[in-house]
Structures are given as structure tokens and as C-alpha cells.
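K.L.:
Our numbering numbers the first residue of the sequence shown as 592 and each following residue consecutively.
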Amino acid sequence: QELKAAGAEDIIVICGGVIPQQDYDFLYKSGVKAIFGPGTNIPKAAQDILQILRDRKA
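(1) Is the stretch 594-613 in contact with the stretch 625-632, if contact means three or more CB pairs nearer than 8 angstroms?
(2) Return the bridge partner residues of I569 from the DSSP annotation.
(3) Give the straight-line distance between the Cα atoms of P611 and F617, rounded to the nearest whole angstrom.
(4) Beta-carbon separation of L644 and I602 under 9 angstroms?
(5) Quick check on DSSP: helix, strand or coil for A636?
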């Protein structure tokens, strides 16, 4: 909401770290495009982020 208010809706928000599973739904509904927790496979995360960027450009 703050990004929208600041006219910065073009910023993609990606979260990482120790985030409780029960918070994921709220974060996604708030506009977060991806969440990467501990133990994330780095190459897979990179692919996911690249796909988010490709989708955004399309």
C-alpha cells in the first residue's frame, strides 16, 4: 500500500528469511511476489525471480 501511495507500484517485492508460514497468505495478498525461506535452493530461487521479471515485462 505504501509503494502504491508513493507512486512506486513498479517495484517488485520479494521476501526472504525466517517468515512464519501463517504469514505467507497475508504477504502474498499484500503484493509480495515471492517468499524464500531458510534452505531455499538458490538456483531455483534465481529461476523463480527471473520468471517474475519476465512475466512483469510481458
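Glycine residues also receive a C-beta, built at the ideal position from the N, C-alpha and C atoms.
Predicted, not measured: the structure shown is a model, and the values here were computed from it.
P.N.:
On the basis of the coordinates in this document:
(1) yes
(2) Outside the shown range of the chain (592 to 649) lies residue 569, about which nothing can therefore be said.
(3) 11 angstroms
(4) no
(5) helix
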